[in-house]
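Peer 1:
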Amino acid sequence: GNSVTQMEGPVTLSEEAFLTINCTYTATGYPSLFWYVQYPGEGLQLLLKATKADDKGSNKGFEATYRKETTSFHLEKGSVQVSDSAVYFCALSDRERDDKIIFGKGTRLHILP
Amino acid sequence: EADIYQTPRYLVIGTGKKITLECSQTMGHDKMYWYQQDPGMELHLIHYSYGVNSTEKGDLSSESTVSRIRTEHFPLTLESARPSHTSQYLCASSSFSVLAGGEQYFGPGTRLTVT
Numbered sequence: 314g315n316s317v318t319q320m321e322g323p324v325t326l327s328e329e330a331f332l333t334i335n336c337t338y339t340a341t342g343y344p345s346l347f348w349y350v351q352y353p354g355e356g357l358q359l360l361l362k363a364t365k366a367d368d369k370g371s372n373k374g375f376e377a378t379y380r381k382e383t384t385s386f387h388l389e390k391g392s393v394q395v396s397d398s399a400v401y402f403c404a405l406s407d408r409e410r411d412d413k414i415i416f417g418k419g420t421r422l423h424i425l426p
Numbered sequence: 044e045a046d047i048y049q050t051p052r053y054l055v056i057g058t059g060k061k062i063t064l065e066c067s068q069t070m071g072h073d074k075m076y077w078y079q080q081d082p083g084m085e086l087h088l089i090h091y092s093y094g095v096n097s098t099e100k101g102d103l104s105s106e107s108t109v110s111r112i113r114t115e116h117f118p119l120t121l122e123s124a125r126p127s128h129t130s131q132y133l134c135a136s137s138s139f140s141v142l143a144g145g146e147q148y149f150g151p152g153t154r155l156t157v158t
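Chains A and B supply the protein sequences, listed in that same order. In this text, residue positions in the first sequence follow this note's numbering: the first is 314, and each later residue adds one. In this text, residue positions in the second sequence follow this note's numbering: the first is 44, and each later residue adds one.
(1) Counting only C-beta atoms, is Gln68/B closer than 8 Å to chain A at any point?
(2) By the three-class DSSP mapping on this structure, what secondary structure does His90/B have?
(3) Identify the continuous beta strand (DSSP E) that holds Leu359/A and give its terminal residues.
(4) Have a look at Ser392/A and Lys369/A and give me their C-alpha separation to the nearest angstrom.
(5) Rounded C-beta distance between Ile47/B and Tyr148/B? I'm assuming under 8 Å.
(6) Keeping to the same chain, check which residues put their C-beta closer than 6 Å to that of Ser67/B; ignore five residues upstream and five downstream.
(7) With a cut-off of 8 Å, does the C-beta of Gly356/A fall near any C-beta of chain B?
(8) What number of angstroms, rounded off, separates the C-alpha of Ala404/A from the C-alpha of Pro151/B?
(9) Assign Gln319/A to buried or exposed, taking buried as 16 or more other Cβ atoms, counted over all protein chains shown, within 10 Å of its Cβ.
(10) Suppose the cutoff is 8 Å on Cβ atoms and the five residues either side in sequence are ignored; what does the same chain contact list for His87/B look like?
(11) Under the three-state reduction of DSSP, which class applies to Asp46/B: helix, strand or coil?
(12) Below 7 Å, is the gap between the Cβ of Thr58/B and the nearest heavy atom of the ligand FMN?
(13) Return the bridge partner residues of Val393/A from the DSSP annotation.
(14) So is Ser327/A in contact with chain B if we call contact Cβ pairs under 8 Å?
(15) Quickly, what does DSSP pair Met75/B with across the bridge? List them, please.
(16) Taking Ser137/B as the reference, which of Thr63/B, Ile56/B, Tyr76/B, Leu54/B has the closest Cα?
(17) With DSSP collapsed to three states, give me the class of Pro344/A.
(18) With 16 other CB atoms within 10 Å as the buried threshold, where does His128/B fall?
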């Protein structure tokens, strides 16, 4: 079945460091791929998405490219801030399977000032 | 900004009580979902609905029940709360259109503690 595997956390970085959170997926059909972010005490928010191969999603300095050949959707940011501290979820939505979203287990990110 | 609301945000209640967690959205979305989020952060789908009078159980078995009498409202009920129900409950909705890429909009969550 469909699944998402993402980097285990917690990930701790200093402010202005480069961030990569790895995400790979297994899916039949043609999934859309997402990164969601959850700040402390809140629900999830969509951070970025890509709906087809080679698409790049971007938002708030974060980027991820839909790589069908490696079944990956790694999240990157060139210079993280303390305010980026949150939990990040990689997810996929398979439009051939009732549009359910399958989430990874989440990666907690701590940014130190 | 997504318009999806959950009440209460926090609830502490004794064992055996009946509780209802409220979820409402003003976006006219047909699809709505309930997730249970464990302390390890993982999300588990417990219920979903594709429209009025449609409800289905999700991937994780739950003693809760849901109803969908109006498009905008998707309450979750526990008839007799137990400590094992202590968790964070997140409600979400999405557009029926596949062109939307199936993205979901989340409410802020209800943190339930059963003593």
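We put the beta carbon where it would ideally sit given N, CA and C, even for glycine.
Peer 2: Reading off the structure:
(1) By one-based count along the second sequence, residue 68/B stands at place 25. Chain A, which has no Cβ nearer than 8 Å to the Cβ of Gln68/B, makes this no.
(2) In the second sequence, the residue the question calls residue 90/B occupies position 47. DSSP places His90/B in the strand class (E or B) of the three-state scheme.
(3) Stepping through the first sequence from its first residue, residue 359/A is reached at position 46. In this chain, the beta strand (DSSP E) harbouring Leu359/A covers 357 to 363.
(4) In the first sequence, residue 392/A corresponds to position 79, counting from 1. In the first sequence, residue 369/A corresponds to position 56, counting from 1. Cα-Cα distance, rounded: 18 Å.
(5) Residue 47/B sits at position 4 when you count from the first residue of the second sequence. Residue 148/B sits at position 105 when you count from the first residue of the second sequence. Indeed they touch by this definition, with Cβ atoms about 5 Å apart.
(6) Stepping through the second sequence from its first residue, residue 67/B is reached at position 24. For Ser67/B, where only same-chain residues beyond five positions count, the Cβ hits under 6 Å are Tyr48, Glu115, His116.
(7) Sequence index remark: in the first sequence, residue 356/A carries index 43 (1-based). Using a Cβ-Cβ cut-off of 8 Å, Gly356/A counts as an interface residue toward chain B, since at least one Cβ of chain B sits closer than that to its own.
(8) Here residue 404/A refers to the residue found at position 91 of the first sequence. Here residue 151/B refers to the residue found at position 108 of the second sequence. Taking the straight line from one Cα to the other gives about 19 Å.
(9) On the first sequence, residue 319/A is found 6 positions in, with the first residue counted as 1. With 16 or more other CB atoms across the displayed protein chains lying within 10 angstroms of its CB, Gln319/A is buried.
(10) As a position in the second sequence, residue 87/B is number 44, starting the count at 1. If we look at His87/B and ignore the five residues flanking it on each side, its Cβ neighbours are Tyr78, Gln79, Gln80, Asp81, Gly101, Asp102, Leu103.
(11) Along the second sequence, one-based indexing puts residue 46/B at 3. In this structure, Asp46/B counts as coil in the three-state DSSP scheme.
(12) Ligands in the displayed structure: none, and consequently the ligand FMN is not present.
(13) Position 80 of the first sequence holds residue 393/A. Val393/A pairs with nothing; no bridge assigned.
(14) Here residue 327/A corresponds to residue number 14 of the first sequence, with the count starting at 1. Taking Cβ atoms only, chain B never reaches closer than 8 Å to Ser327/A, which makes this a no.
(15) On the second sequence, position 32 is the one that residue 75/B refers to. DSSP output for Met75/B lists Ser92/B, Ser136/B as bridge partner(s).
(16) Counting from 1 along the second sequence, the entry for residue 137/B is found at position 94. Checking every option, the nearest Cα to that of Ser137/B belongs to Tyr76/B.
(17) Locating residue 344/A in the first sequence gives position 31, where the first residue counts as 1. DSSP places Pro344/A in strand when its eight states are reduced to three.
(18) Your numbering for residue 128/B matches position 85 in the second sequence. With 16 or more other Cβ atoms within 10 Å, it is buried.
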